[in-house]
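Going by our numbering, the sequence shown opens with residue 26, and the numbers climb by one from there. Using N, Cα and C, we set each Cβ at its ideal position, and we do this for glycine too. The model shown is predicted, which means the values in this text are computed figures rather than measured ones. A short worksheet on the structure shown next.
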Amino acid sequence: VKPCIHFVGFKGNEYNSAIKIWGNPDFYHRVHDRRAQAEFMKNDIVIFANGTENKFTPYTFDDSRVF
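This is the structure in structure tokens:
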């Protein structure tokens, strides 16, 4: 199974810079929450925007409603 790429917390120019390095993500998560963690599989690649790996929130955000 091919690992998926997850972007967490990226906005604006950071997002565009990450795409240049990693390519388009398979998943985008606005925040680092339980919903995002539930989608991270063992071999997936998770790329956090500056500092977001330390900003876990116990509240979930439904990313799928936005796209």
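For residue i, collect the residues of the same chain with a Cβ closer than 7 Å to its Cβ; drop the 5 residues on either side in sequence, then sort them by chain order.
i, result
"Pro50", "Ile30, His31 and Phe32"
"Pro28", "Asn68, Asp69 and Ile70"
Might you give, ordered along the chain, the residues of its own chain that have their beta carbon closer than 6 Å to the beta carbon of residue i, omitting 5 neighbours on each side?
i, result
"Phe65", "Val71"
"Phe81", "His57"
In terms of residue numbering, what span does the beta strand (DSSP E) encompassing residue i cover?
i, result
"Val71", "Ile70 to Phe73"
"Val26", "Per DSSP, Val26 belongs to no beta strand (DSSP E) and is neither H nor E."
"Phe52", "Phe52 to His54"
If you draw a straight line from the alpha carbon of residue i to that of residue j, how long is it in whole angstroms?
i, j, result
"Ser42", "Lys36", "10 Å"
Evaluate residue i with the Cβ neighbour count: other Cβ atoms within 10 Å of its Cβ, from every protein chain shown; 16 or more gives buried, anything less gives exposed.
i, result
"Ala61", "buried"
"Gly34", "buried"
Going by beta carbon distance, what residues of the same chain come within less than 8 Å of residue i, once the five residues before and after it are set aside?
i, result
"Thr85", "Asp58, Arg59 and Arg60"
"Glu39", "Ala74 and Asn75"
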